[in-house]
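Residue numbers (full-length UniProt numbering): 1 to 273. Each residue gets a CB set at the ideal place from its N, CA and C atoms; glycine is no exception. Remember, predicted model here, so these are calculated numbers, not experimental data. First comes the structure, then the notes that go with it.
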Amino acid sequence: TQKSLNVDNKNVFTAGDDADYGCCGICLLILSGFIILLTFPVAICMCVKVVQEYERAVIFRLGRLSKGGAKGPGIFFVIPCTDEYRKVDLRTVSFDVPPQEILTKDSVTISVDAVVYYRVQDATMSIANVENADGATRLLAQTTLRNMLGTKSLSEVLTDREEISAGMQATLDIATDPWGIKVERVEIKDVRLPVQLQRAMAAEAEAARDARAKVIAAEGEMNASRKLKEAADVMSISQLHATPLPTDLDSNQRREELHHHFPPAHRHGHQLD
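Quick look at the structure:
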């Protein structure tokens, strides 16, 4: 019978042997073979299938996984009436996570959206282990985004986007591994804040800019006054060095001038006599 093994908490389905189909299954396979032989020219068109380079085909024979796992790329064969197959696209898929209303650790309600890039790395597991791998990945991305940002403060959400994106990518990759999904990248697109909080942050930023401008102006005035004081000190020292000092020649000349204007008293006495 088809086997389901539990390896590292993952269900890994393996294909069953032909003997496990039972008597009815074997008889049906033989009958299908005869029908193909009888209607060979027409039946060959129904048996031959083609998958592209980026696709794989998961075949179920009588409800069980066929041997050899997923088929492709190229041509593969199916048996009408007993086989059915499903194509799986292996290309990278991107989807937008709808905006999520999240309450941060510091009790601020924000709206955050993101974009997720993933691809199918195991076609068989993506079909056998989950009903809708794409839908399950989308829902898991929404819950993971809410859970991760709920443990962060507003400042961490605004400044640590790359770290949060990397953590979300690792968490999603581990959770989707049993589904055969590989999450390649997660990017936080936009963080929207409440209008009142935006106004408060804008007012705070404006006040910070005004305070910074005042500090710069005060520093400029202080530097200017310091330069003026230094210039005044230099000018006073220069004037002090430029003032001439009295010499002996100047003293004699000044004494002669005083003697000429004010003659001695005995000269006046002789003139009076």
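Under 9 Å between the Cβ atoms of residue i and residue j?
{"i": "THR109", "j": "PRO194", "result": "yes"}
{"i": "ARG56", "j": "ALA123", "result": "yes"}
{"i": "GLN100", "j": "SER111", "result": "yes"}
{"i": "ARG119", "j": "LEU145", "result": "no"}
{"i": "ARG75", "j": "SER66", "result": "Here the sequence assigns Ile to residue 75, which means Arg is not the residue at that position. No, Cβ-Cβ distance for ILE75 and SER66 is not below 9 Å."}
{"i": "SER32", "j": "VAL88", "result": "no"}
{"i": "VAL115", "j": "VAL183", "result": "no"}
{"i": "PRO98", "j": "GLN142", "result": "yes"}
{"i": "TYR54", "j": "VAL93", "result": "no"}
{"i": "LYS189", "j": "ASP106", "result": "no"}
For residue i, count neighbouring Cβ atoms within 10 angstroms of its own Cβ and tell me buried if that reaches 16, exposed if not.
{"i": "THR137", "result": "buried"}
{"i": "GLY180", "result": "buried"}
{"i": "MET46", "result": "exposed"}
{"i": "LYS71", "result": "buried"}
{"i": "LEU172", "result": "buried"}
{"i": "GLN52", "result": "exposed"}
{"i": "LEU62", "result": "buried"}
{"i": "ASP18", "result": "Caution is warranted here: a pLDDT of 49 is assigned to ASP18, below 50, making its placement in the model unreliable, and no coordinate value can be reported."}
{"i": "THR176", "result": "buried"}
{"i": "VAL7", "result": "Unreliable positioning characterises VAL7 in this predicted model, as indicated by a pLDDT of 41, which lies under 50. The coordinate reading is nonetheless provided below. Label assigned to VAL7: exposed."}
{"i": "ARG212", "result": "exposed"}
Helix, strand or coil for residue i? Go by DSSP, reduced to three states.
{"i": "ALA211", "result": "helix"}
{"i": "VAL108", "result": "coil"}
{"i": "MET125", "result": "helix"}
{"i": "ASP177", "result": "helix"}
{"i": "GLU219", "result": "helix"}
{"i": "ASP134", "result": "helix"}
{"i": "VAL42", "result": "helix"}
{"i": "GLN2", "result": "Only weak support is given to the placement of GLN2: the predicted model assigns it a pLDDT of 45, under 50, and the value that follows is read from those uncertain coordinates. In the structure shown, GLN2 sits in coil (DSSP, three-state: anything other than H, G, I, E or B)."}
{"i": "ASP233", "result": "helix"}
In this structure, what does DSSP give as the bridge partners for residue i?
{"i": "LEU140", "result": "Beta-bridge pairing links LEU140 to no other residue."}
{"i": "ALA114", "result": "VAL97 and ILE188"}
{"i": "LYS182", "result": "ARG119"}
{"i": "TYR55", "result": "Reading off the sequence, residue 55 comes out as Glu, not Tyr. Per DSSP, ASP89."}
{"i": "LYS71", "result": "ALA57"}
{"i": "GLU84", "result": "PHE60"}
Taking three-plus beta-carbon pairs below 8 Å as touching, is the segment 79 to 86 in contact with the segment 129 to 143?
no
Is there contact here, the segment 164 to 172 with the segment 144 to 151, by at least three beta-carbon pairs under 8 Å?
yes
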